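Asks: For reference, the structure I am asking about is given below.
There are 2 protein chains.
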Amino acid sequence: MAPIAKPVPLVPATAGPPAVRPAGVASPAAVISIRDLKTHCLTCSMRELCLPVGLTTDEMKQVDALVANRTKLKKNETLYRAGEPFHALFAIRIGSLKTTVLAEDGREQVAGYHMLGDIVGLDGIGTDRHGCEAIALEDTEVCVLPFVKIEDLARAMPALQRNLHQVMSREITRDQGVMLLLGSMRAEERLAVFLLNLADRYRRRGYSSTEYVLRMTREEIGSHLGLKLETVSRLFSRFQEEGLIQVQGRAVKLLDAGALKRIVGQRG
Amino acid sequence: MAPIAKPVPLVPATAGPPAVRPAGVASPAAVISIRDLKTHCLTCSMRELCLPVGLTTDEMKQVDALVANRTKLKKNETLYRAGEPFHALFAIRIGSLKTTVLAEDGREQVAGYHMLGDIVGLDGIGTDRHGCEAIALEDTEVCVLPFVKIEDLARAMPALQRNLHQVMSREITRDQGVMLLLGSMRAEERLAVFLLNLADRYRRRGYSSTEYVLRMTREEIGSHLGLKLETVSRLFSRFQEEGLIQVQGRAVKLLDAGALKRIVGQRG
DNA sequence: CGACTAGTTGAGGCCAGTCAATGTTGGTGG
DNA sequence: CCACCAACATTGACTGGCCTCAACTAGTCG
Numbered sequence: 006m007a008p009i010a011k012p013v014p015l016v017p018a019t020a021g022p023p024a025v026r027p028a029g030v031a032s033p034a035a036v037i038s039i040r041d042l043k044t045h046c047l048t049c050s051m052r053e054l055c056l057p058v059g060l061t062t063d064e065m066k067q068v069d070a071l072v073a074n075r076t077k078l079k080k081n082e083t084l085y086r087a088g089e090p091f092h093a094l095f096a097i098r099i100g101s102l103k104t105t106v107l108a109e110d111g112r113e114q115v116a117g118y119h120m121l122g123d124i125v126g127l128d129g130i131g132t133d134r135h136g137c138e139a140i141a142l143e144d145t146e147v148c149v150l151p152f153v154k155i156e157d158l159a160r161a162m163p164a165l166q167r168n169l170h171q172v173m174s175r176e177i178t179r180d181q182g183v184m185l186l187l188g189s190m191r192a193e194e195r196l197a198v199f200l201l202n203l204a205d206r207y208r209r210r211g212y213s214s215t216e217y218v219l220r221m222t223r224e225e226i227g228s229h230l231g232l233k234l235e236t237v238s239r240l241f242s243r244f245q246e247e248g249l250i251q252v253q254g255r256a257v258k259l260l261d262a263g264a265l266k267r268i269v270g271q272r273g
Numbered sequence: 006m007a008p009i010a011k012p013v014p015l016v017p018a019t020a021g022p023p024a025v026r027p028a029g030v031a032s033p034a035a036v037i038s039i040r041d042l043k044t045h046c047l048t049c050s051m052r053e054l055c056l057p058v059g060l061t062t063d064e065m066k067q068v069d070a071l072v073a074n075r076t077k078l079k080k081n082e083t084l085y086r087a088g089e090p091f092h093a094l095f096a097i098r099i100g101s102l103k104t105t106v107l108a109e110d111g112r113e114q115v116a117g118y119h120m121l122g123d124i125v126g127l128d129g130i131g132t133d134r135h136g137c138e139a140i141a142l143e144d145t146e147v148c149v150l151p152f153v154k155i156e157d158l159a160r161a162m163p164a165l166q167r168n169l170h171q172v173m174s175r176e177i178t179r180d181q182g183v184m185l186l187l188g189s190m191r192a193e194e195r196l197a198v199f200l201l202n203l204a205d206r207y208r209r210r211g212y213s214s215t216e217y218v219l220r221m222t223r224e225e226i227g228s229h230l231g232l233k234l235e236t237v238s239r240l241f242s243r244f245q246e247e248g249l250i251q252v253q254g255r256a257v258k259l260l261d262a263g264a265l266k267r268i269v270g271q272r273g
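Chains as they are written, first to last, in the numbering used here: chain A, 6 to 273; chain B, 6 to 273.
Structural data, given as structure tokens:
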């Protein structure tokens, strides 16, 4: 079997001309940390997908200013746990996270698979406590956005307010899509939807939409799709036999996206 | 079998002293329509669960002022369809609605069962188009809340802003609960959760939490729970045999809520 | 009264789960 | 560098829970 290349990061299709940091900012090196030099909304590659999308340069600077700090997580480290007090949203700068909801009896369900530019923590706003837990799937870095500051700024900046509402609303829409998947699709449809969905999200981030590396185990994928890990594994094998995909561990290559789409919505 | 009484509306437990309309308001009858006399946030029985929860009298009046109008729906009438332009949220004043998401192939999934005081339409904010459709399960009346006006007012009124964010966040939390249910629970657990959840919601609205009337068909309940109508029907019968509930068509009486809770989270 | 919709119940089949054995991979330390 | 180990993944055989198909009943509304 031909080895599968790793996905190649590209410039996001939606990105404008490369943002240049204003001349004055970097000079007083003594008071600006290395971290500050590197990470600003203005220069972040995710600015076209993240909370500040569509803001003016000036507005973006203000959003930048409310980023309390940036947190680095190693693989399998927890960003927050269910029940912990909520105080901030998190924007993923680098890496990826899974969010899992827990039943009282300990059963857990992967509710979401979040990557670059996604905002997590939205479920904590309603109760002031996080309702699920977020765990890094690889080495990951997030911007910490204190929620009271976001609200303050949103009152003064309609564009930010609108973006915040859109982010929350899209999370609702996304969840409803998962509900449709879990409630009415058969196993092979679920996996096909999952693979196509990932392809689309990688594409929008400027990565290859036909080759990518899964960051989750078969068990986590299964949990996300309401399936057992053995079922996921069997389906990967079958899709490969049928020439729809090529799999090697977590490296996936979509060979026939059309056929995958046709699987979705098929009776038997 | 003893007939099951219809649920008796009570004063919501959270309600303060009965709100009295300011003296001057009702007098110029010529310019105040009958609708206006009846329906204001200040006097609405759902004000402790709906968007204006916790607002001052003055703030509530301002929210009141942005209610464009109120729409009456007969049973099975559609409030909005998937794909229609989004312009307003809707607060349920009387009655109940289901929201359904549709797959391309026509399959549909009941995403939510919404009652008095619930806000629907939140999924439309992100794309400016409604992502699902909302259909009245009985004769229903909703307050129409134009979203741009909500946003305008929310910028000036932190308490409203906070409430809006909480409403959206709780929708996310709720959806995650449904995902947990659909992804990891067996049929009998799903129905038990559904019945207990309804009991809790009726309780918070001041109705009986042990006797209520379902507004959905077996098929709709099944769709909501990711089951077929026959399975739902069988489970109702079995729960009744086991003395957990009493069912007569859509009238349900919970006889042993403890046992229902114990069903949830049981292996086999 | 007949047509229709909603609901109940039974028989049998199938998809995905369960249990179990084996293979593969990646990280660690000798 | 390689041996080792643990975690991850694959595959097979069997099981069982829910679906499918179908017949029948109970209300409801012209």
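The C-beta atom is built at its ideal place from N, Cα and C for all residues, glycine as well. These numbers come from a predicted model, not from an experiment.
Roughly how many angstroms lie between the CA atoms of glutamine 253 of chain B and threonine 215 of chain B, to the nearest whole one?
Replies: Looking at the two C-alpha atoms, the distance is approximately 14 angstroms.
Asks: Pull up the CB-CB distance for alanine 141 of chain B and asparagine 74 of chain B, whole angstroms please, since I reckon it's below 8 angstroms.
Replies: Their Cβ separation, rounded to whole angstroms, is 17 angstroms, which puts alanine 141 of chain B and asparagine 74 of chain B out of contact at 8 angstroms.
Asks: Excluding the 5 residues flanking arginine 220 of chain A on each side, which residues of the same chain have their C-beta closer than 7 angstroms to its C-beta?
Replies: Excluding residues within five positions, the ones whose Cβ falls inside 7 angstroms are Ser101, Leu142 and Glu143.
Asks: Return the chain-ordered list of same chain residues with a C-beta closer than 7 angstroms to the C-beta of aspartate 133 of chain B, the five sequence neighbours on each side being excluded.
Replies: So the list reads Pro90 and Phe91, once near-sequence residues are dropped.
Asks: Isoleucine 268 of chain A: buried (16+ other C-beta within 10 angstroms of its C-beta) or exposed?
Replies: Isoleucine 268 of chain A is buried by the Cβ-count criterion.
Asks: Please list, in chain order, the chain A residues whose beta carbon lies closer than 7 angstroms to that of glycine 122 of chain B.
Replies: In chain order: nothing, as chain A lies at least about 15 angstroms away.
Asks: Identify the contact partners of serine 238 of chain A in chain B, using a Cβ-Cβ distance below 8 angstroms as the criterion.
Replies: Simply none; closest approach about 18 angstroms.
Asks: Excluding five sequence neighbours on each side, which residues of the same chain lie with their C-beta closer than 6 angstroms to the C-beta of arginine 40 of chain A?
Replies: Confidence is the limiting factor: at arginine 40 of chain A the pLDDT is only 49, short of 50, which leaves the residue's position unreliable, though a coordinate-based value still follows. Nothing meets the Cβ criterion.
Asks: Given a cut-off of 7 angstroms on the beta-carbon distance, is the pair threonine 105 of chain B and cysteine 137 of chain B in contact?
Replies: It is a contact, given that the beta carbons lie within the stated cut-off.
Asks: Determine the contact status of glutamate 64 of chain B and methionine 162 of chain B, defining contact as a CB-CB distance below 7 angstroms.
Replies: Cβ atoms of glutamate 64 of chain B and methionine 162 of chain B: closer than 7 angstroms.
Asks: Let me make sure I understand the geometry here. Which of B:Ala159, B:Leu47, B:Leu54 and B:Val237 has the alpha-carbon closest to that of leucine 121 of chain B?
Replies: That would be B:Leu54, whose Cα lies nearest to the Cα of leucine 121 of chain B.
Asks: Taking the runs of the beta strand (DSSP E) that are 3 residues or longer, which of them lie wholly in the segment 173 to 233 of chain A?
Replies: Runs found: 216 to 218.
Asks: Taking the alpha-carbon of glutamine 114 of chain B as reference, which of B:His170, B:Ser228 and B:Leu56 has the nearest alpha-carbon?
Replies: Closest option to glutamine 114 of chain B, Cα to Cα, is B:Ser228.
Asks: Closest to alanine 264 of chain B by C-alpha separation, out of B:Ser238, B:Ala197, B:Arg223 and B:Tyr207, would be which residue?
Replies: Ranking B:Ser238, B:Ala197, B:Arg223 and B:Tyr207 by Cα distance to alanine 264 of chain B puts B:Ala197 first.
Asks: Buried or exposed for glycine 88 of chain B, going by 16 or more other Cβ atoms inside 10 Å?
Replies: Exposed, by the Cβ-count rule.
Asks: Indicate the three-state DSSP secondary structure (helix, strand or coil) for threonine 61 of chain A in the structure shown.
Replies: Note: threonine 61 of chain A maps to coil in three-state DSSP.
Asks: Taking Cβ positions, are threonine 76 of chain B and valine 183 of chain B nearer each other than 7 angstroms?
Replies: No, they are not a contact pair.
Asks: Are there 16 or more other CB atoms within 10 angstroms of the CB of arginine 86 of chain A, so buried, or fewer, so exposed?
Replies: Exposed is the call here.
Asks: Could you tell me which whole alpha helix (DSSP H) segments of length 4 or greater appear in the segment 87 to 165 of chain A?
Replies: The qualifying runs are 152 to 161.
Asks: Tell me, please, whether the CB atom of threonine 19 of chain B is closer than 7 angstroms to any CB atom in chain A?
Replies: Only weak support is given to the placement of threonine 19 of chain B: the predicted model assigns it a pLDDT of 40, under 50, and the value that follows is read from those uncertain coordinates. No, because no Cβ of chain A sits closer than 7 angstroms to the Cβ of threonine 19 of chain B.
Asks: Could you tell me if lysine 79 of chain B is buried or exposed, where buried requires 16 or more neighbouring beta carbons within 10 angstroms of its beta carbon?
Replies: It is exposed - the Cβ of lysine 79 of chain B has fewer than 16 other Cβ atoms within 10 Å.
Asks: For leucine 234 of chain B and histidine 135 of chain B, I'd like the C-alpha separation in whole angstroms.
Replies: Each residue's alpha carbon lies about 27 angstroms from the other.
Asks: Output yes or no for whether 7 angstroms exceeds the beta carbon distance between glutamate 193 of chain B and leucine 240 of chain B.
Replies: Against a cut-off of 7 angstroms, the Cβ pair of leucine 240 of chain B and glutamate 193 of chain B comes out as a contact.
Asks: In the DSSP output, what is lysine 258 of chain A paired with across the bridge?
Replies: Paired residue(s): A:Glu216 and A:Gln251.
Asks: Distance check for histidine 170 of chain B and glutamine 171 of chain A, CA to CA, integer angstroms please.
Replies: Roughly 11 angstroms between the two C-alpha positions.
Asks: Is it the case that the Cβ atoms of leucine 150 of chain B and alanine 93 of chain B are separated by a distance below 7 angstroms?
Replies: Cβ atoms of leucine 150 of chain B and alanine 93 of chain B: closer than 7 angstroms.
Asks: Might you give, ordered along the chain, the residues of its own chain that have their beta carbon closer than 7 angstroms to the beta carbon of valine 72 of chain A, omitting 5 neighbours on each side?
Replies: Excluding residues within five positions, the ones whose Cβ falls inside 7 angstroms are Cys148, Val149 and Leu150.
Asks: Report the rounded CA-to-CA distance for leucine 230 of chain A versus glutamine 67 of chain B, giving the unit in angstroms.
Replies: Rounded to whole angstroms, leucine 230 of chain A to glutamine 67 of chain B spans 44 angstroms at the Cα level.
Asks: Does DSSP put leucine 84 of chain B in a helix, in a strand, or in coil?
Replies: In this structure, leucine 84 of chain B counts as strand in the three-state DSSP scheme.
Asks: Where does glutamine 166 of chain A land, buried or exposed, given buried means 16+ other C-beta within 10 angstroms?
Replies: Buried.
Asks: Just mark threonine 61 of chain A as buried or exposed, buried being the case when its beta carbon has 16 or more other beta carbons within 10 Å.
Replies: Threonine 61 of chain A is exposed by the Cβ-count criterion.
Asks: Would you list, in chain order, the members of the segment 52 to 69 of chain B that have their beta-carbon closer than 9 angstroms to a beta-carbon of chain A?
Replies: So nothing in the stretch comes that close.
Asks: Cα-Cα, which of A:Gly188, A:Val257, A:Leu185 and A:Leu56 is closest to serine 213 of chain A?
Replies: Of the listed residues, the one whose Cα sits closest to serine 213 of chain A is A:Val257.
Asks: From the beta carbon of histidine 135 of chain B, is the nearest beta carbon of chain A less than 7 angstroms away?
Replies: Closer than 7 angstroms: no.
Asks: Apart from the five residues just before and just after tyrosine 207 of chain B, which ones in its own chain have a Cβ nearer than 6 angstroms to its Cβ?
Replies: Ser214 and Tyr217.
Asks: Would you mind sorting alanine 70 of chain A into buried or exposed? The rule is 16 or more other CB atoms within 10 Å of its CB.
Replies: Counting Cβ neighbours within 10 Å, alanine 70 of chain A comes out exposed, since fewer than 16 surround it.
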